[in-house]
Structure formats: structure tokens, C-alpha cells
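Residue numbers (the numbering used here): 528 to 769.
The beta carbon of each residue, even a glycine, is placed where N, CA and C say it ideally should be.
All figures in this text were calculated on a predicted structure; none of them were measured in a lab.
Worksheet: the structure to be examined is printed underneath.
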């Protein structure tokens with residue numbers, strides 16, 4: 528299995544459709560997606576554009592949908608929830624389609640939306656995604672971070688390194704194809720015993736801390752291998768537990 532890591536959507540090669548892609552946005556989109564599906568959401572539909580999201584959401588009754596979105600870490604006006612994994616409780620999302628737009632993660636999902644298999648991963652469902660990749664056994668996997676407004680993020684690279692390290696421990700035939708992933712593996716080895724500490728010193732972690740108390744979000748996003756949910760794209764832009 529060949530693994531490559533791309534820091535942000537803009538780094539992803541154009542004109543190539545990957546066999547398998549894994550999109551990461553630790554703080555907080557892919558953590559929120561994992562918890563929404565774990566808590567019984569029917570599906571999560573992601574949008575880079577807010578107006579497009581609203582137009583699609585009009586086709587659903589209020590009891591069938593919930594709008595989740597943020598810009599700059601703050602809830603979008605007119606939306607039901609912001610981008611906290613703690614907000615997508617069973618009471619709020621069970622049986623509903625989650626319409627979601629965030630600052631960074633939805634851009635990366637849009638960029639690799641034509642992948643033959645597309646998954647989202649956060650630290651809580653790292654092991655579940657690794658097990659699915661082992662079962663799928665694709666020749667090549669693209670791991671795509673979300674960054675912050677087009678720039679590198681420490682926490683996404685940490686998670687990319689965490690996934691690659693687990694696959695390397697469990698498979699003999701893993702080949703790391705780029706320096707971005709090699710450095711992410713080294714990052715994981717440095718911080719694997721203090722994951723939350725890494726999230727907090729990251730620039731986006733500091734940004735979140737600066738706009739309010741997000742201690743519970745940090746703890747949730749830093750938890751490792753405690754979810755078995757596997758969010759997979761079932762149609763363009765729509766993720767469901769698989």
C-alpha cells in the first residue's frame with residue numbers, strides 16, 4: 528500500500544483520480560462528522576459554499592435536516608449548530624441529514640470528491656479507518672489534510688502520521704511516498720503520548736482557545752481509537768456510516 532499526504536486541498540495533484548482518499552480535519556470537521564454518524568445521523572452532506580448548502584437543504588423538511596456550519600471557528604448565522612463534535616448529540620441528529628459547511632474541511636472533501644473510495648478520519652476513528660483500508664487493500668491512498676485557510680496545520684499532520692504509523696505497524700507492504708508524510712510520522716512519534724497538548728499548541732488550537740472555552744472540544748478531538756464509525760462517501764458530497 529502506497530501512502531501520500533497532502534497538507535491542504537491546493538496541494539492535491541490535478542487530473543488524477545485516486546483509488547482511495549482519506550480526508551482529515553481534526554479541529555473539528557471530521558471529528559464532528561464521525562460523532563454525528565456515531566450518534567445516528569442518517570448522513571452528512573458537505574458543502575464548501577454556504578448558499579449552495581441552503582438551496583439543497585430547502586428540499587428537506589425541518590424534521591429531516593439539521594444545519595451545521597462555521598467560519599473562523601464561530602457558528603454561522605441561521606444555522607442550528609456550529610462545528611463542535613459535542614453539539615451533534617443523538618437528540619439533535621438522529622435520523623437526520625446533517626448539512627455541513629466549515630472553513631477548511633469541506634474544501635478538502637470537495638477537492639477529492641471523485642475518488643473511487645473516499646473516507647473521513649479524525650483521531651477517534653483512526654483505528655476503524657485503518658482496518659477498512661486493510662480490508663480494501665488499495666494500491667495507493669491519498670491522505671489529505673484541511674489546514675487553516677490554505678496553510679499547513681499541525682493537528683491534521685499529527686493525525687496523518689498517526690494513521691500511517693498504525694498501518695506501518697500492521698502491514699508489511701506500506702510505502703511512504705512523500706516527505707510530507709515522513710515528517711508527519713515523526714510528528715506523531717513526538718506527540719503520541721500528549722495528543723491534546725499538540726492540539727492546544729497548534730495555531731488553530733490557540734485560535735479556538737482565543738474565542739472561548741473549548742476544553743471539552745479539545746478532549747473530544749484528542750481522544751484516540753474510541754469510535755468504530757467509518758464515514759464513507761456514498762454519493763457526491765454525501766457521507767454515511769459504512
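Proximity winner among 544, 565, 621 and 624, relative to residue 768 (alpha-carbon distances): Position 241 of the chain shown, counted from the start, is the residue given in the question as residue 768. It is 565.
DSSP state of residue 618 mapped onto helix, strand, coil: Within the chain shown, the letter at position 91 stands for residue 618. Helix, per DSSP.
Which listed residue (692, 724 and 721) has its alpha carbon closest to that of residue 713: Residue 713 sits at position 186 when you count from the first residue of the chain shown. For the residues 692, 724 and 721, the minimum Cα distance to residue 713 belongs to 692.
Distance CB(residue 553)-CB(residue 762) smaller than 8 Å: The residue given as residue 553 occupies position 26 in the chain shown. The residue given as residue 762 occupies position 235 in the chain shown. No, these two residues do not count as a Cβ contact at 8 Å.
Integer-rounded CB distance, given that residue 559 should sit under 8 Å from residue 611: As a first step, residue 611 is located in the chain shown; it is residue number 84 there, counting from the start. As a first step, residue 559 is located in the chain shown; it is residue number 32 there, counting from the start. That belief holds up - the Cβ atoms of residue 611 and residue 559 are roughly 7 Å apart, short of 8 Å.
Run of the beta strand (DSSP E) containing residue 768, from where it starts to where it stops: By 1-based counting over the chain shown, the position of residue 768 is 241. Element bounds for residue 768: 765-768.
Distance between residue 633 and residue 568 (C-alpha atoms, nearest Å): Position 41 of the chain shown holds residue 568. Position 106 of the chain shown holds residue 633. Approximately 18 Å between the Cα atoms of the pair.
Straight-line gap, residue 615 to residue 607 (C-alpha atoms, nearest Å): Translated into the one-based positions of the chain shown, residue 615 becomes position 88. Translated into the one-based positions of the chain shown, residue 607 becomes position 80. Those two C-alpha atoms are separated by around 10 Å.
Runs of beta strand (DSSP E) lying entirely within the stretch 611-662, each at least 3 residues, in chain order: 624-628 and 644-648
Nearest candidate by alpha-carbon position, reference residue 563, set 586, 605, 623 and 579: Along the chain shown, one-based indexing puts residue 563 at 36. Checked all of 586, 605, 623 and 579; the closest Cα to residue 563 is 623.
Inter-stretch contact at 8 Å, needing at least 3 Cβ pairs: the stretch 528-548 / the stretch 584-597: Not touching, per the Cβ criterion.
Rounded straight-line distance, which links the Cα of residue 701 to that of residue 550: If you number the chain shown from 1, residue 550 lands on position 23. If you number the chain shown from 1, residue 701 lands on position 174. When rounded, the distance between both Cα atoms is 19 Å.
Backbone CA spacing between residue 735 and residue 600 [nearest angstrom]: Working through the chain shown from its first residue, we reach residue 735 at position 208. Working through the chain shown from its first residue, we reach residue 600 at position 73. One C-alpha to the other measures close to 6 Å.
Proximity winner among 619, 647 and 578, relative to residue 603 (alpha-carbon distances): Here the question's residue 603 lines up with position 76 in the chain shown. It is 578.
Cβ-based neighbour list, residue 676, same chain, cut-off 8 Å, excluding 5 preceding and 5 following: On the chain shown, position 149 is the one that residue 676 refers to. These residues qualify, in order along the chain: 630 and 631.
Closest by C-alpha distance to residue 723, when choosing among 747, 703, 653 and 709: Within the chain shown, numbered from 1, the residue matching residue 723 stands at position 196. It is 747.
Alpha carbon of residue 759 to alpha carbon of residue 728, nearest angstrom: What you label residue 759 is simply residue 232 of the chain shown in a count that begins at 1. What you label residue 728 is simply residue 201 of the chain shown in a count that begins at 1. Using only the alpha carbons, I get a separation of about 30 Å.
Straight-line Cα distance separating residue 649 from residue 668: Residue 668 sits at position 141 when you count from the first residue of the chain shown. Residue 649 sits at position 122 when you count from the first residue of the chain shown. Rounded to whole angstroms, residue 668 to residue 649 spans 16 Å at the Cα level.
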